[in-house]
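One structure is given below, encoded as structure tokens.
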Ligand code: S3P
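In this note's numbering, the protein residues as written are -11 to 184.
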């Protein structure tokens, strides 16, 4: 099966939600935002979920939301920054689609998060970034997660790109990944027919 599901992974502020919509529009696929699905299902926002159920409760909700969409492509899904930390989530996404990581320097990400908070969503608190020295906290948290983000099939560095440019890169990456899947499948098929 050729993957027709793209999962955007990466830290907060890399632009996953905006870019997922742009890529989906270009490919004519659906766009999902797992954080939004979780909030709609819970009926309360993410800080309230963390306050009520702790991070573990939120992570369980993430896995449940992922299971709800996985395998039903074609779509492009924006995932929360911590979702790929669970191996179960990574395996599921890897089985049915491609993982594309969006990267950015800590300074870039913090600036985007603050801009978003000031301009668009003053109540958009990210519980894991609610720290006294946000840049240091972000840097440390991101560093711990880096080995997981590095497992993606493709990575786009977003620091110097607009969301539209990031989307273009992803559409290009998806075409390359699709060709490489096709080659792998046809070489697997010819080696299995040679075995017969
Ligand atoms: C989180 C990132 C958030 C959201 C939650 C936890 C994380 O999503 O899922 O606050 O663990 O990094 P974004 O990556 O969209 O900010």
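Each residue gets a CB set at the ideal place from its N, CA and C atoms; glycine is no exception.
This one's a predicted model, so the numbers in the text were calculated from it and none came from an experiment.
Grouping DSSP H, G and I as helix and E and B as strand, with all else coil, what is residue 23? helix
When DSSP labels each residue in this structure, what does residue -3 get in the three-state scheme? strand
Which word fits residue 229, buried or exposed, when buried means at least 16 other C-beta atoms lie within 10 angstroms of its C-beta? One cannot answer for residue 229 here, as it falls past the ends of the chain, which runs -11 to 184.
Kindly list the residues whose CB is nearer than 8 Å to the CB of residue 155, restricted to its own chain and excluding five residues on each side of it in sequence; keep chain order. 7, 10, 11, 14
So what's residue -11 in DSSP terms, helix, strand or just coil? The pLDDT assigned to residue -11 is 47, lower than 50, so where the model puts this residue is not dependable, and the model offers no usable value.
For my contact list, residue 93 and residue 101 are in at a C-beta cut-off of 8 Å; report their separation, rounded to the angstrom. With 8 Å as the limit, residue 93 and residue 101 do not qualify as a contact, their Cβ atoms being about 13 Å apart.
Residues in the same chain with beta-carbon distance under 6 Å from residue 127, minus the five sequence neighbours each way, listed in chain order, please. 94
Quick one: Cα of residue 22 to Cα of residue 39, how far? 19 Å
Should residue 178 be listed as close to ligand 1, given that the test is whether its C-beta is under 7 Å from any heavy atom? no
Coarse secondary structure for residue 90, derived from DSSP in three states: strand
Quick one: Cα of residue 199 to Cα of residue 5, how far? This structure leaves residue 199 out entirely; the chain is present only between -11 and 184.
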